[in-house]
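For the sequence shown, the numbering used here assigns the number 2 to the initial residue and increments by one for each residue that follows.
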Amino acid sequence: MKLYISPTQSVDLDKNPEILGADIAIRSRSMDWWGMFGYLPDPDPVLAKLGLGVEVYRELLADAHVWSCYDSRKSGALACEWDIRAGGDSPADKKALSLAEDILADLDVYQLILEMLDAPFFGLSPMEIKWAYTDRYWLPERVEGKPPEWFVFDDLNRMRFLSADNMIDGELLPHGKFLKVRHHATYQNPYGERTLSRCFWPVAFKKGGFKFWAVFTEKFGMPWLIGKVPRGTGDPDRAQLISNLTQMVQDAVAVINDDESITALEFKSTSASADIYERLISASNREISKAVLGQTLSTELDGKGGSRAAAQAHLEVRDDIVEKDKRMVRAAMNQLLAWSTELNVPEANPPEFAWFEEDDVQQDRAKRDTELTSQGVRFTAGYYQRAYNLEEDDFTLDDPDASETLPDGLFAEGTKQTDTADRLADRMDEDAAQLMRDLMDPARNLVMTASSLEEIRDGLIDLFPHMDASDLGTLMQQAMTVAELAGRSEVADGE
């Protein structure tokens with residue numbers, strides 16, 4: 002067998018399965034692998050420099066800005082809806098789906114996903130599964146996250162638990178007991194990349210900035226009080242005056258001798274110096290936002306007038322990160338469903354966990370369908386089911402002509418309308434229907450094409466000033482005038 006490396010050059014490819022199927026570049030054969038206590042050292046540069054463990058990153062969540070970004074990133078995935086789908090159409094596949102639905106119905110899926118989403122921040126989120134044999138099935142009774150600092154990886158990248166009985170090598174974990182939810186894990190770094198590692202130094206500098214800012218504010222935030230005493234005053238009297246000045250700072254009251262005086266020294270140009278600390282804290286917050294959310298939202302736009310386009314671009318970056326987190330959670334959930342299927346319905350294809358994702362193509366189709374509907378096109382229920390992947394009981398179709406007056410023949414005891422006011426009302430109903438359609442079509446199109454409630458809200462606010470109902474008001478005024486004249490005419494004619 003030959004492998005072509007250019008249109009004219011080739012090399013022989015060895016067909017030996019022992020060579021093709023073997024791992025050659027592995028840690029046990031490399032020259033630069035060094036293991037401490039029999040397991041891989043954590044390659045995190047911050048932890049290596051400080052000589053600390055992963056638990057130090059948990060303290061960073063006490064910072065208000067770190068917590069805000071942490072909560073915002075998690076909320077992006079937690080706000081999405083999810084579902085599970087059958088792995089196939091066979092009876093076994095449907096049985097596995099039904100079993101998976103029962104499993105997730107009994108578990109706190111929200112809490113489960115919440116703990117899985119710790120992986121981007123700590124690199125690894127180990128989830129221990131407690132199985133229970135119930136009604137002929139092995140079901141996960143509980144799935145909960147465990148502290149990542151309890152686990153290490155060996156030279157084969159197998160996760161081990163550092164127990165009190167085995168603190169050197171750790172205990173090798175059995176198959177099907179732990180979900181390894183990891184963020185950007187590689188062969189070189191099986192512990193995963195930690196977002197909070199990128200936040201450590203910004204938070205440290207931020208804390209220092211706050212400390213010095215507080216000292217600066219205390220030092221220069223109020224006038225300095227200077228006490229003057231006659232030359233030759235002894236140290237006890239000077240100490241007493243200092244004590245009086247200290248009390249004066251707190252109580253604004255002091256008692257001094259008549260030959261002593263107090264003056265206040267104010268600083269006029271300290272704001273520029275104070276701004277240094279504020280800029281340091283703002284810069285630290287921006288670095289934290291970039292590390293966690295991939296962008297800074299509006300923080301980099303402060304004082305620059307803002308930019309809707311920049312804000313939209315920032316939100317799109319955050320959405321990309323949220324999508325990445327959702328794929329990570331989906332992989333872990335699919336592993337859980339695969340293990341439950343393996344234990345209970347081994348002949349079935351395992352069901353799949355899926356997020357509801359917005360489809361831009363659907364938005365374009367909905368916009369087109371709305372325009373066609375406004376031109377009089379009527380779609381069937383079957384079209385909506387095929388085009389939008391809807392079930393028959395997910396929607397109903399309203400009769401577009403239901404608001405119009407029905408003919409008398411549809412009623413068992415129809416009577417011919419002879420009253421002038423009734424005829425005018427029918428005529429007004431026909432004329433007003435078109436005016437109402439023209440008035441409401443922009444709002445209807447907005448609702449059909451909007452991707453969120455916030456977009457509908459903002460769109461209605463923009464539409465409202467342009468919704469001119471003057472023609473409808475004129476029609477009603479004319480109808481009322483005609484009705485009044487018709488009534489007078491009928492009275493005059495004795496009808």
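For glycine and all other residues, C-beta sits at the position ideal for the given N, C-alpha and C.
Check, Outcome
"Out of curiosity, what's the CA-to-CA distance linking ASP439 and LEU294?", "43 Å"
"Considering just the uninterrupted stretch of the beta strand (DSSP E) at ALA355, what are its terminal residues?", "353–356"
"Skipping 5 residues on each side, what residues in its chain have a beta carbon closer than 7 Å to that of LEU173?", "ARG159, ARG161"
"Which residues does DSSP pair with MET128 in a beta bridge?", "GLY146, LEU180"
"Tell me which residue opens and which closes the alpha helix (DSSP H) that VAL47 is part of.", "46–51"
"Can the beta-carbon of ALA106 be found closer than 9 Å to that of ALA97?", "no"
"Quick one: which unbroken beta strand (DSSP E) runs of 3-plus residues sit fully inside the segment 70–123? Chain order, please.", "83–86"
"Around the Cβ of TRP498, are there at least 16 other Cβ atoms within 10 angstroms (buried) or fewer (exposed)?", "No information on residue 498 is available, as it lies outside the stretch 2 to 496 that the chain covers here."
"Among LYS207, GLY233, LEU125, ALA26, which one has its Cα closest to the Cα of HIS66?", "LYS207"
"State the CB to CB distance for the pair PHE152 and PRO191, rounded to an integer number of angstroms; the pair is presumed to be in contact (CB under 8 Å).", "Actually they do not touch by this definition, with Cβ atoms about 10 Å apart."
"Which two residues bound the contiguous alpha helix (DSSP H) that contains VAL57?", "56–60"
"Round the Cβ separation of ALA102 and PHE357 to the nearest angstrom and send it over; I've been treating them as touching at under 8 Å.", "In the sequence under discussion, the amino acid at residue 102 is Glu, which differs from the Ala named in the question. Contact flag wrong, Cβ pair sits at about 16 Å."
"Taking THR187 and PHE122 to be in contact with their CB atoms under 8 Å, please state how far apart those CB atoms are, rounded to whole angstroms.", "That belief does not hold up - the Cβ atoms of THR187 and PHE122 are roughly 18 Å apart, past 8 Å."
"Cα separation between LYS398 and ARG143?", "Residue identity differs from the one stated: residue 398 is Leu in this sequence, not Lys. One C-alpha to the other measures close to 44 Å."
"Going by other Cβ atoms of all chains shown within 10 Å of its Cβ, with 16 needed for buried, is ARG489 buried or exposed?", "exposed"
"To the nearest angstrom, how far is the alpha carbon of ALA444 from that of GLN376?", "16 Å"
"To the nearest angstrom, how far is it from the Cα of GLU150 to the Cα of VAL55?", "6 Å"
"Please name the residue or residues paired with LEU173 in a DSSP beta bridge.", "ARG161"
"What residues match up with THR135 in a beta bridge as DSSP calls it?", "TYR138"
"Identify which residue in HIS467, GLU431, LYS368 has its Cα closest to the Cα of MET441.", "HIS467"
"Can you say whether HIS176 is buried or exposed, counting buried as having 16 or more other CB atoms within 10 angstroms of its CB?", "exposed"
"Put SER11 into one of helix, strand or coil per three-state DSSP.", "strand"
"Considering only the alpha carbon of each residue, which of PRO347, MET449, ASN335, SER453 lies closest to LEU373?", "MET449"
"Pick helix, strand or coil for ARG489, following the three-state DSSP scheme.", "helix"
"Taking the continuous beta strand (DSSP E) assigned at PHE154, which residues delimit it?", "152–154"
"Does the Cβ of LEU201 have 16 or more other Cβ atoms within 10 Å, making it buried, or fewer, making it exposed?", "For clarity, residue 201 is Phe in the given sequence; the question names Leu instead. Buried, by the Cβ-count rule."
"So which of ALA484, GLY228, LYS95, TRP139 has the shortest CA-CA distance to GLN248?", "GLY228"
"Just to check my reading of the structure: PRO347 and LEU338 have Cβ atoms closer than 8 Å, yes? What is that Cβ distance to the nearest angstrom?", "No, PRO347 and LEU338 are not in contact; Cβ-Cβ is about 13 Å, not under 8 Å."
"Between ILE85, GLY52, SER11, which lies nearest to ALA332 when the distance is taken from Cα to Cα?", "ILE85"
"Name the two residues that bound the continuous alpha helix (DSSP H) containing LEU391.", "Taken as a continuous stretch (DSSP letters only), LEU391 belongs to no alpha helix (DSSP H), as it is neither H nor E."
"In terms of residues, what are the limits of the alpha helix (DSSP H) holding ARG458?", "454–464"
"Leaving out five residues before and five after PHE396 in sequence, what residues of the same chain have Cβ atoms less than 7 Å from its Cβ?", "TYR385"
"Smallest Cα separation from VAL323: which of THR475, ALA49, ALA78, ARG30?", "ALA78"
"Alpha carbon to alpha carbon, how far is GLY210 from GLU279? Give it in angstroms, no decimals.", "8 Å"
"State the beta-bridge partners of TYR278 as determined by DSSP.", "None; TYR278 has no bridge partner."
"Taking only the alpha-carbon atoms, compute the straight-line gap between ILE457 and ARG369 and give it to the nearest angstrom.", "18 Å"
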